[in-house]
Amino acid sequence: MATTALPIAADPPSASRPPRRAPWRSPEGQPGYARPALLAIAALAGVLFFWGINQSTYHSFYADAVRSMTESWKAFVFGSYDPANTITLDKLPGFLWPQALSARIFGFHPWALTLPQAVEGILAVLVLFRTVRRWAGANAALLAALAFTLTPVVAGLFRTAVEDPLFTLLLLLAADAAQRAAQSGKLRPLLLAGVWVGAAFQAKMLEAWAVLPALAVVYLVSAPVPLRKRLARVGLAGLVAAAVSASWVLLATATPANDRPYIDGTTDNSAYSMVVGYNFLNRFTQVGLNADETGSVTSGQGGMWGGGGQGGAQGGAQGGQAGGQQHRGAGHGAGSGAGAGYGAGAGAGAGYGAGAGAGQGGAPGFGGGQGGAHQAGGHQGGPGGSDGGWTKMFSSQFAPQTGWLYPLAAVALLCALVWRRKEPRTDRLRAGYLLWGSWLAVYFLTFSAGSVGGHTYYMGVIAAPLAALSGAGLVLLRRAYQGGGPRAWALPVAVAGSAAWGAYLAHLFPSFLPWLAPVTLALGALALALLVVGRTARFGARRLGRLRLATAGLAAALATVLLAPGAWAASVLDSKYSGNGGMGAVGPQAAHGFGRPGGGAGRGGARAAAADNPELAALMAQFGGFGQDSTGLSTSQQQILAYTQAHADGARYLFATTSWSASSPYILATGKEVLPMGGFTGKVPSPSLPQFQELIRSNQLHYVLIGSTQGGGFGGRGGGSGPTTAVTSWVRSTCAPVAPGDYGQSVDSPGLQLLYHCTA
Numbered sequence: 001m002a003t004t005a006l007p008i009a010a011d012p013p014s015a016s017r018p019p020r021r022a023p024w025r026s027p028e029g030q031p032g033y034a035r036p037a038l039l040a041i042a043a044l045a046g047v048l049f050f051w052g053i054n055q056s057t058y059h060s061f062y063a064d065a066v067r068s069m070t071e072s073w074k075a076f077v078f079g080s081y082d083p084a085n086t087i088t089l090d091k092l093p094g095f096l097w098p099q100a101l102s103a104r105i106f107g108f109h110p111w112a113l114t115l116p117q118a119v120e121g122i123l124a125v126l127v128l129f130r131t132v133r134r135w136a137g138a139n140a141a142l143l144a145a146l147a148f149t150l151t152p153v154v155a156g157l158f159r160t161a162v163e164d165p166l167f168t169l170l171l172l173l174a175a176d177a178a179q180r181a182a183q184s185g186k187l188r189p190l191l192l193a194g195v196w197v198g199a200a201f202q203a204k205m206l207e208a209w210a211v212l213p214a215l216a217v218v219y220l221v222s223a224p225v226p227l228r229k230r231l232a233r234v235g236l237a238g239l240v241a242a243a244v245s246a247s248w249v250l251l252a253t254a255t256p257a258n259d260r261p262y263i264d265g266t267t268d269n270s271a272y273s274m275v276v277g278y279n280f281l282n283r284f285t286q287v288g289l290n291a292d293e294t295g296s297v298t299s300g301q302g303g304m305w306g307g308g309g310q311g312g313a314q315g316g317a318q319g320g321q322a323g324g325q326q327h328r329g330a331g332h333g334a335g336s337g338a339g340a341g342y343g344a345g346a347g348a349g350a351g352y353g354a355g356a357g358a359g360q361g362g363a364p365g366f367g368g369g370q371g372g373a374h375q376a377g378g379h380q381g382g383p384g385g386s387d388g389g390w391t392k393m394f395s396s397q398f399a400p401q402t403g404w405l406y407p408l409a410a411v412a413l414l415c416a417l418v419w420r421r422k423e424p425r426t427d428r429l430r431a432g433y434l435l436w437g438s439w440l441a442v443y444f445l446t447f448s449a450g451s452v453g454g455h456t457y458y459m460g461v462i463a464a465p466l467a468a469l470s471g472a473g474l475v476l477l478r479r480a481y482q483g484g485g486p487r488a489w490a491l492p493v494a495v496a497g498s499a500a501w502g503a504y505l506a507h508l509f510p511s512f513l514p515w516l517a518p519v520t521l522a523l524g525a526l527a528l529a530l531l532v533v534g535r536t537a538r539f540g541a542r543r544l545g546r547l548r549l550a551t552a553g554l555a556a557a558l559a560t561v562l563l564a565p566g567a568w569a570a571s572v573l574d575s576k577y578s579g580n581g582g583m584g585a586v587g588p589q590a591a592h593g594f595g596r597p598g599g600g601a602g603r604g605g606a607r608a609a610a611a612d613n614p615e616l617a618a619l620m621a622q623f624g625g626f627g628q629d630s631t632g633l634s635t636s637q638q639q640i641l642a643y644t645q646a647h648a649d650g651a652r653y654l655f656a657t658t659s660w661s662a663s664s665p666y667i668l669a670t671g672k673e674v675l676p677m678g679g680f681t682g683k684v685p686s687p688s689l690p691q692f693q694e695l696i697r698s699n700q701l702h703y704v705l706i707g708s709t710q711g712g713g714f715g716g717r718g719g720g721s722g723p724t725t726a727v728t729s730w731v732r733s734t735c736a737p738v739a740p741g742d743y744g745q746s747v748d749s750p751g752l753q754l755l756y757h758c759t760a
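According to full-length UniProt numbering, the sequence shown is numbered sequentially starting from 1.
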């Protein structure tokens, strides 16, 4: 019987797949140079953000919390300041989660805490490129990414262990999602934008909601769906943002107080009071807001940043041991006059830069050069005090860090809105200008109305829309220039404004890159000449080498806009200007502190004072970046630690201190359970006297370390009264003092810290 061979089925034809492109090749629809140029910009950003990362310093208050968050997951979730989960930060902990994870992976080192911010910076550059490319094309996106990377505050921001690196990245992701939603009309990316805003809330609280008007406007104005559906979807996305934003607050509220740390910044142990009262309302007292209806510790106490001349005078009279009560409480000084702020001047109420000031005992500020009085680039206090007012964004403190692109962005935004006013409602280009213009306007007004103190790093959310508007604006103005007519003059106007403004900002700091101002003016003049001549019929076709005059003019215009900020940003490659401290400033302001231009004489004296004063060293690490670069304890601190460990007798806490700054060196170095009292400001009733006495009775605590000057507060000294005063008074009257020689102290040493032994 014959058999028939079964046919062998042929392999099905493989589905055609697009060839896989090399990672350095541009995707379809983009110029061939787009991807290589983007990689080059990302590499430049990596150099600026990662350079010298091994020389990073701790932001002490936040680094203490990160150390605690690596010790337990409970501390990780709640953002505990101390390893024993006694009290939280005075912020939501979301911005520290990447740092804590990095420290768990790589170990607790300064560079491990800086690493996540540098990575976030690279991602922010890439997300900004993607967002602007989808809106205005690859060329605009490349220019925006480059402008963002070369903005000085960006170079400093992503080298600091603070809130704003993650915050800026998350808001850029929200803008990217909202723009996709506006172009497609779909709901899912709009809801994703709400999620990103809620995540940003975990990093910076209510400041995240300031971007919501911009996201809502772009969708409501331009999404290709009916109005009723647009309104409903924006409302739904807002609910998503609110729900994600409130998640940590609800968790802290739902958790019994005995099962979580005390909420810092409050008198009622409420997450709501910390978020709304302490971190929001108290920053807007100059426009009439107050936190009287919340449990904020600073409500009705003169604001959380101001005040200080009287405390400074008292501290100066005590030999410079305690400084003026300034930035969030009582500070330290090192002068011999009426109390320097954080510097080392000999005058009354000197601030950060602390020269030989002669202020009349007034509130010290970040200004410094003349007794803390408000100078260009400086300010006095914050809520309840002068903070630069409505012009602070143009001052020499903030404008050289983030404002080089003001003229270009303003001209581009105005021209785009006017020129495209008759386009259809769904016009993509106009919608993008509405998004970034609204973002810039809201945050600009928010910072102008509120107190920002010396926090240069706040300006990251200003740098992002400025870069986007400038990148797209250069492309828009170039096309108008090439098209001729009256609109062609918009580009020369923008270049002239940028050159004049850039030269002015550079001139404010004549000792830093003294060539910068004249070169900026010369480039601007050259660009204007080439642009004007390039538009004439007689010379428009002529060339400079291979470039037409008009093209050479465009290149000179780009150099005019980016040279000065790029030079400032590149200063981070010099450790003197690196911005590795707590405030994110680069250039001369990082080198000299937040004084008036060319000031900052107090820096060296402040360093010298900190060498003999661990509490001042912790303060300076928090404000100004003069902090320790290792976790090594001084000999005196080691002896205190050794004594309390040897005599712990099973207690939960090694000892209690009168301030977070007094506990900071021990937590940073060892992760041991040291009890800080009074919270960040020294005004938090944690622990209360009955709670403290219960710790003694239950043998959870035996020792208390008190400074030679009674009082709590931000610096842990400074005099005055507060919730911890009752505790320290009780300790002094009830507990037995330990002989200073037993823990390596000399009764004659300045700043003697007294150790008390308490028993039930």
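No residue lacks a Cβ here, since even glycine has one placed at the ideal position from N, Cα and C.
Just so we're clear, the structure is a prediction, and the values are computed from it rather than from any experiment.
- Residue pairing of G707 in beta bridges, as defined by DSSP: Q753.
- Note that the stretch 547–560 touches the stretch 525–535; at least 3 beta-carbon pairs, one per stretch, sit closer than 8 Å.
- One thing to note: T635 has its Cβ no nearer than 8 Å to the Cβ of Y703.
- Within the same chain, F95, A203 and K204 come within 6 Å of E163 by CB-CB distance, once the 5 residues on both sides are set aside.
- Within the stretch 99–159, the alpha helix (DSSP H) runs of at least 4 residues that lie entirely inside it are, in chain order, 110–136, 138–149 and 152–157.
- Separation of A254 and G52 (C-alpha to C-alpha, rounded to the nearest whole angstrom) is 43 Å.
- Look at P518 here: in three-state DSSP terms it is helix.
- Around the beta carbon of E28, fewer than 16 other beta carbons lie within 10 angstroms, which makes this residue exposed.
- When DSSP states are grouped into helix, strand and coil, I667 belongs to the helix group.
- DSSP places L508 outside both helix and strand once states are collapsed to three, so it counts as coil.
- About 6 Å separates the beta carbon of A412 from that of L477, a gap short enough to meet the 8 Å contact definition.
- P723: member of the alpha helix (DSSP H) spanning P723 to T734, first to last residue.
- Its chain contains A488 and L491 as the residues whose beta carbon lies nearer than 6 Å to that of Y481, once the 5 sequence neighbours on both sides are disregarded; these appear in chain order.
- By the criterion of at least three beta-carbon pairs nearer than 8 Å, the stretch 82–91 is not in contact with the stretch 185–196.
- Residue burial annotation: V154 is buried, with at least 16 other C-beta atoms found within 10 angstroms of its C-beta.
- Taking the CA atoms as reference points, Y81 sits about 13 Å from S686.
- Only residues of its own chain outside the window of five on either side were considered, and among them I87, Y262, D264, G265, T266, T267, V297, G678 and P723 have a CB closer than 8 Å to the CB of V684, listed in chain order.
- The C-alpha of A174 is placed about 8 Å away from the C-alpha of V195.
- Taking C-beta atoms as the reference points, L128 and A144 count as a pair closer than 8 Å.
- Under the three-pair Cβ rule at 8 Å, the stretch 391–404 counts as touching the stretch 452–466.
- Contact annotation: A103 and V66 have beta-carbon atoms nearer than 8 Å.
- Ranked by how close their Cα comes to the Cα of Q55, the residues L92, P98, P510 and A112 have A112 in first place.
- By the C-beta criterion, the stretch 690–707 is judged to be in contact with the stretch 650–666, since at least 3 inter-stretch pairs fall below 8 Å.
- In the same chain as T734, and ignoring 5 residues on each side of it, the C-beta atoms closer than 8 Å to its own belong to C758, in chain order.
- Secondary structure at I263: coil, using DSSP grouped into helix, strand and coil.
- With 16 or more other Cβ atoms from the protein chains shown falling within 10 Å of its own Cβ, K672 counts as buried.
- DSSP, reduced to helix, strand and coil, places A40 within a helical segment of the structure shown.
- DSSP places T57 outside any alpha helix (DSSP H), giving it a letter other than H or E.
- By the Cβ test, the stretch 216–227 is in contact with the stretch 422–437, since at least three Cβ pairs between them sit closer than 8 Å.
- A distance of 8 Å or more separates the beta carbons of Y577 and A564.
- Within the model, the alpha-carbon separation for D259 versus S273 is close to 19 Å.
- Excluding the 5 residues flanking it on each side, G46 has same chain C-beta neighbours closer than 7 Å at I122, in chain order.
- By the neighbour-count criterion, in which 16 or more other beta carbons inside 10 Å mark a residue as buried, P676 falls on the buried side.
- Nearest to Q638 by alpha-carbon distance, out of P213, N269 and D742, is D742.
- The Cβ-Cβ distance between Y62 and L668 does not fall below 8 Å.
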